[in-house]
Amino acid sequence: MEGTQRRAAEGPVDKTFRAFDPGQDLLLPPSLDEWLPGDHLARFIADLVDEHLDLSRIHAAYTNRKGGPPFDPPLMVRILLYGYTTGVRSSRKIEAACVDVVAFRWLAAGTVPDFRSVARFRKRHLSALGHLFVQALALCQAAGMVSLGRVALDGTKLRANASRRKAMSYARMSEREKILAQEVSDLLGQAEDLDAAEDAAFGKDRRGDELPQELARRESRLVTLREAKAALEQQARDRAEDRARATAAAKDEDDDVTAQRVADAVGKAVPRPKAQRNFTDPESRIMKTSDGSFHQCYNGQAVVDADHQVIVATGVTDCAADVGALIPMVEQAVENTGQAPAQVLADAGYTSEDNLTQAEQVTAETGTEFFIAPGRTTHGDPVPVAPRGRIPKNATPKQKMARKLKTKKGHQVYARRKVIVEPVFGQMGTLQNGQHLLLRGLEQARSEWSLLAACHNLRKLHRHLGIDGLAGLAIS
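The sequence shown: position 290 = 290 (full-length UniProt numbering), numbered continuously.
Dropping the structure here:
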């Protein structure tokens, strides 16, 4: 071993260092199991996948006997769940981690799925992976981590996998369409002149359908531009139809009058000049983020239980405003957990007369009490009701809510909102890189956000139970 011995470097004192010999062979064959601590999160994920999670929806997708054998679903779910829990979400980074990172190598049992297989598996089974959120929530409930005594609802902007520089307004599209159409026409004329010259020089044996590269590129851009314009025009017609039907319903008009009103509105509908569409992810929208800048985003929603910051409901919309998510998110929380929360806390972004009216109905039916910030009062708003004395009979829902939050109980309860839900978004953003979505399209964004929420809950479950506590749990 003389060739592998390291020469000790001379220092100012005769210091003894711990033995370090890179050339020393292991005396026994290495065991990955010995390299991973007994209470490691990877072991928790492995036990969860092998013993507790139902992967039947994933197995049911394999109906074709032809082709080479795919990677085993539990193996792929293991590395995906661990990756999404620790912030390693890119398929290429997962492949590299299966070589470089002990936890990933242990989970994959030394197998290294290539990044294309990881990406295809995630895309194919994304809906089933998102459904694991319900199973993870059920395990948290079985562990006594969810009481639904108090929950908080909030939204966060999720950065879409698209650049805002790839978006264009309707007015700009109209200008570029004219320019591109003229360029395509000019290039077609040049192509015809070139064909005529070549026919004269070489005969007419060429196929004649070869397009110049510039022409092909401009034609494809023109097609993409026209498709985006058509999509914005269809959106304008859909919005006009919805508004017309709502107006007709408010006036209690009959079917013939409603149909005529809708037809007139749709015929006159045009997109706003500043209406934008992104060419990379058309379903994402320009939204203002917490740092004050504007990006292509989706609006992620979460209902969080106060006991252990477990997420009990998730949602994603393409609307920057939160106001439309209040009742649907509360209903989803009831559906996921099987019981209605005692208290629901939400900020002023969820305030509207319609929401407050529906909240009163939910309270009457289920007993759920809402604490929603009424927001700033404008010049036309009525003066809030005083927190003492009888509530006036003519008080509006907004006045009643403002009065409730001015009471001692209301102030104390609502003060807990930000410490329940906002840290969850911070944890997901820091530990899971969860504020940036990898997959495009609204449906895929919803499934990916559900998967991120499931992994957040699993991290909480691991911290609460450890490895040993998982054995006694069962999903009802």
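Just so it is clear, CB atoms sit at the ideal spot from N, CA and C, and this is done for glycine as well.
In this text, all values refer to a predicted model and were calculated from it rather than measured experimentally.
Can you name, in chain order, every residue of its own chain whose Cβ lies under 7 Å from the Cβ of residue i, other than the five neighbours on each side?
i, result
"residue 39", "466, 467"
"residue 308", "145, 460, 464"
"residue 36", "42, 43, 102, 103, 106"
"residue 95", "112, 113, 114, 115, 118"
"residue 410", "371, 404"
"residue 430", "none"
"residue 360", "397"
"residue 364", "none"
For residue i, which of helix, strand or coil comes out of DSSP?
i, result
"residue 467", "coil"
"residue 33", "helix"
"residue 140", "helix"
"residue 391", "coil"
"residue 153", "strand"
"residue 406", "helix"
"residue 51", "helix"
"residue 317", "strand"
"residue 288", "strand"
"residue 308", "coil"
"residue 436", "strand"
"residue 19", "coil"
"residue 500", "With the chain covering only 1 through 476, there is no way to say anything about residue 500."
"residue 105", "helix"
"residue 376", "coil"
"residue 481", "Nothing about residue 481 can be read from this structure; the chain reaches only from 1 to 476."
"residue 41", "helix"
"residue 27", "coil"
"residue 473", "coil"
Determine the extent of the alpha helix (DSSP H) in which residue i is found, giving its start and end residues.
i, result
"residue 355", "353-366"
"residue 417", "417-431"
"residue 98", "91-100"
"residue 59", "56-59"
"residue 344", "Note, residue 344: premise wrong, no alpha helix (DSSP H); beta strand (DSSP E) at 343-346."
With a threshold of 8 Å on Cβ separation, who are the neighbours of residue i within its own chain once the five nearest residues in sequence on each side are excluded?
i, result
"residue 469", "143"
"residue 452", "84, 428, 432, 434"
"residue 161", "280, 281, 436, 437, 438, 439, 440"
"residue 61", "124, 125, 128"
"residue 473", "52, 139, 142, 143, 465"
"residue 108", "75, 78, 79, 98"
"residue 131", "57, 450"
"residue 26", "none"
"residue 318", "283, 284, 285, 298, 299, 442"
"residue 447", "126, 127, 129, 130, 439"
Am I right that residue i and residue j are in contact with their C-beta atoms under 8 Å? What's the rounded C-beta distance?
i, j, result
"residue 344", "residue 151", "6 Å"
"residue 301", "residue 315", "4 Å"
"residue 444", "residue 126", "6 Å"
"residue 45", "residue 78", "6 Å"
"residue 258", "residue 243", "The pair is not a contact, with the Cβ atoms about 12 Å apart (cut-off 8 Å)."
"residue 449", "residue 55", "The pair is not a contact, with the Cβ atoms about 21 Å apart (cut-off 8 Å)."
"residue 285", "residue 320", "7 Å"
"residue 368", "residue 340", "5 Å"
"residue 328", "residue 356", "About 16 Å; that fails the 8 Å criterion."
"residue 32", "residue 110", "7 Å"
"residue 455", "residue 81", "6 Å"
"residue 88", "residue 336", "So it is not a contact: roughly 27 Å between Cβ atoms."
Just to confirm my understanding: we take residue i, look at its own chain, exclude 5 residues before and 5 after, and list those with CB closer than 6 Å. What are they?
i, result
"residue 417", "152, 345"
"residue 140", "146, 310, 457, 461"
"residue 200", "Its pLDDT being 49, under 50, residue 200 is placed unreliably by the model, and nothing is read from it."
"residue 424", "304, 309"
"residue 47", "470"
"residue 288", "294"
"residue 121", "76"
Name the two residues that bound the continuous beta strand (DSSP E) containing residue i.
i, result
"residue 85", "Element bounds for residue 85: not the beta strand (DSSP E) but the alpha helix (DSSP H), 73-86."
"residue 304", "294-305"
"residue 333", "Element bounds for residue 333: not the beta strand (DSSP E) but the alpha helix (DSSP H), 326-337."
"residue 123", "Run containing residue 123: none in the beta strand (DSSP E); it sits in the alpha helix (DSSP H), 115-124."
"residue 253", "Element bounds for residue 253: n/a, residue is neither H nor E."
"residue 369", "369-372"
Quiz item: Using 8 Å as the Cβ pair cut-off and three pairs as the minimum, do the stretch 312-329 and the stretch 346-354 touch?
Solution: yes
Self-check item: Inter-stretch contact (C-beta, 8 Å, three-pair minimum) for the stretch 116-132 and the stretch 64-82
Solution: yes
Quiz item: How do the stretch 396-416 and the stretch 363-374 stand: do at least 3 beta-carbon pairs fall below 8 Å, yes or no?
Solution: yes
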